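S.K.: Residue 264 is where the sequence shown starts when you use the numbering used here, and the numbers rise one by one after that.
No residue lacks a Cβ here, since even glycine has one placed at the ideal position from N, Cα and C.
Everything numeric in this text was worked out from a predicted model, so none of it was measured.
Have a look at this one before I ask anything.
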Amino acid sequence: MNYRAPRGTYDILPEDQAHWRHVTETTRRVCELFGYEQIDVPVFEQTGLFERSVGESTDIVEKEMYTFLDRNEERMTLRPEFTAGICRAYAERKLHGRPQPLRLFTIGPAFRYERPQAGRYRQFYQIDVEVLGSQDPAIDLEVMQVAWQIYEAVGIKNLSFQVNSTGCPVCRPGYVEKLRAWYADRLDGICADCARRYEQNPLRLLDCKKEACRAIADEAPRIADSLCDECRTHFDRLRSYLDDLGRPYEVNHRLVRGFDYYTKTVFEVWAEGIGAQNAVCGGGRYDGLIGMVGGPETPAIGFASGIERIILTMKQEGIEPPGVPKPRVFVAYLGAEAKSAAVVLAQELRAAGVGATALWEDRSLKAQMRQADRLGAAYTLIIGEEEVRNGVVMIRRMADSTQASVPRSEAVAAVKEGNTQ
Ligand code: HAM
């Protein structure tokens with residue numbers, strides 16, 4: 264039987280790790296620079312949590328969740344995103360009792376049963392950043408700055424920041440009615456998906472990707488013209504902060520995002536040249552969500568960014584990540600007695616903090632040297648029977664193939680300090 268990785272999943276092989284490390288380590292560094300603390304939430308949660316928070320009529324809940332009955336007949340779902348789980352933790356673990364706002368980030372896999380293509384997978388990885396407990400637009404700006412700074416630190420240049428406001432329960436219903444009325448005369452021109460959206464979730468009419476639907480959406484009434492005073496002031500403030508920072512962004516009236524929990528600010532970051540799935544980041548404010556999952560009414564905002572799409576963009580822009588550390592020393596030996604000495608030497612090296620490996624397969628010296636080369640070791644320490652007898656070790660510096668014999672007692676310090684001649 265030949266098994267294959269499930270459709271829409273992939274392996275992150277050793278040679279892929281440099282990119283992954285660069286992105287995750289940069290994310291941690293930037294988040295901590297802004298004072299964000301790491302949180303980790305379960306990979307699966309009760310299905311109801313996502314139905315309630317993401318929204319019953321969203322694509323995710325309708326057709327993309329990995330849902331199963333556990334052995335206790337409880338409905339569970341592999342997380343399709345992090346925001347719901349983090350809000351559940353905030354309510355359940357009473358994180359509102361801590362100094363607010365609470366600035367959090369997390370990194371891990373999420374699962375959506377989507378049609379796989381470049382940049383779209385069924386298991387994918389997200390960086391997720393959330394601030395809970397503040398309604399100030401300066402926090403909206405800060406969250407966007409975290410995203411900016413991560414991309415900048417990773418080295419990505421050509422990104423486009425898209426911003427919009429989706430209003431709140433006070434002003435959105437009026438806008439949705441206006442939108443519905445406007446579309447009522449245009450139902451013939453829209454696709455079958457949009458016909459369904461018209462009934463169930465009219466806001467999503469605005470972000471259909473089909474050409475004909477887009478042309479209609481472009482002409483549709485704009486939510487910006489229907490915002491209540493509070494939402495308008497909030498959006499104006501955010502835009503003035505963005506202007507002060509001098510970073511380019513675009514107000515995109517068709518940006519609504521595919522979750523029901525958003526209120527006020529929504530934003531996305533797009534990368535050109537990575538194909539149809541060009542959103543590297545999406546986020547927004549969700550002031551009603553924590554209250555909805557059992558916590559006190561708490562305003563919050565956050566974003567998530569797909570690591571695969573960040574890496575695609577890096578590759579597109581020719582950004583080389585720093586290399587992954589390799590073992591500094593390869594230990595080669597010839598003969599049984601030397602092998603015992605090599606085992607002890609390798610362990611002494613590691614105890615001294617020097618990365619060390621060996622073949623342990625009793626191969627020829629030539630085969631062992633080839634392996635040392637392949638692994639990119641800086642030094643090979645060679646022990647034969649003569650070296651054991653004389654209490655010495657041969658040190659070979661791989662860069663220039665120079666060799667020197669040093670007393671066994673000095674070998675670890677010599678390679679650690681790079682002082683081998
Ligand atoms: P989202 O827009 O669904 O938002 O996902 C955020 C990002 O995750 C996308 O921009 C994309 O980079 C990546 N992504 C989503 N689906 C896939 C997929 N199937 N394959 C590869 N990458 C994917 C959220 O998840 C919200 N929870 C964001 C948020 C946090 N809003 C507030 N706080």
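Is residue 720 buried or exposed, if buried means 16 or more other CB atoms sit within 10 Å of its CB?
M.R.: This structure leaves residue 720 out entirely; the chain is present only between 264 and 684.
S.K.: Can you tell which of 335, 326, 315 has the C-alpha that lies nearest to the C-alpha of residue 348?
M.R.: The candidate whose alpha carbon is nearest that of residue 348 is 315.
S.K.: Kindly indicate the opening and closing residues of the beta strand (DSSP E) around residue 427.
M.R.: Looking at the DSSP string, the run of the beta strand (DSSP E) that includes residue 427 is 422-428.
S.K.: Between residue 555 and residue 463, what straight-line distance do the alpha-carbon atoms span, to the nearest angstrom?
M.R.: Distance between the alpha carbons of residue 555 and residue 463: 20 Å.
S.K.: Assuming residue 622 and residue 631 form a contact by the criterion Cβ under 8 Å, report the distance between their Cβ atoms to the nearest whole angstrom.
M.R.: Confirmed, Cβ separation roughly 5 Å.
S.K.: Using only alpha-carbon positions, find the residue among 455, 386, 325, 361 that is nearest to residue 273.
M.R.: Comparing Cα positions, the closest option is 386.
S.K.: Quick one: any contact between the stretch 517-525 and the stretch 396-408, if contact means 3 or more CB pairs under 8 Å?
M.R.: The stretch 517-525 vs the stretch 396-408: no contact.
S.K.: Quick one: what does DSSP say residue 398 is sitting in, helix, strand or coil?
M.R.: Coil at residue 398, not helix or strand.
S.K.: Hey, would you say residue 746 sits closer than 8 Å to residue 495, going by beta carbons?
M.R.: For residue 746 there is no data in the structure shown, the boundaries of the chain being 264 and 684.
S.K.: Can you grab the Cα-Cα spacing for the pair residue 661 / residue 590, in whole Å?
M.R.: Looking at the two C-alpha atoms, the distance is approximately 13 Å.
S.K.: Specify whether the stretch 598-607 and the stretch 294-301 touch according to this definition: at least 3 beta carbon pairs, one from each stretch, less than 8 Å apart.
M.R.: At 8 Å Cβ cutoff, the stretches do not touch.
S.K.: Please report how far the alpha carbon of residue 378 lies from the alpha carbon of residue 327, in whole angstroms.
M.R.: The alpha-carbon atoms of residue 378 and residue 327 are separated by roughly 9 Å.
S.K.: Is the beta carbon of residue 547 closer than 8 Å to that of residue 561?
M.R.: No. Outside cutoff.
S.K.: Throw me the rounded Cβ distance for the residue 346 and residue 329 pair, which I believe falls under 8 Å.
M.R.: Not confirmed; about 17 Å, so no contact.
S.K.: Determine which residues share a DSSP beta bridge with residue 391 and list them.
M.R.: Beta-bridge pairing links residue 391 to 369, 567.
S.K.: Which residues mark the beginning and the end of the beta strand (DSSP E) in which residue 660 is found?
M.R.: Looking at the DSSP string, the run of the beta strand (DSSP E) that includes residue 660 is 655-660.
S.K.: Once DSSP output is grouped into helix, strand and coil, what is the label at residue 645?
M.R.: The answer is strand: DSSP assigns residue 645 an E or B state.
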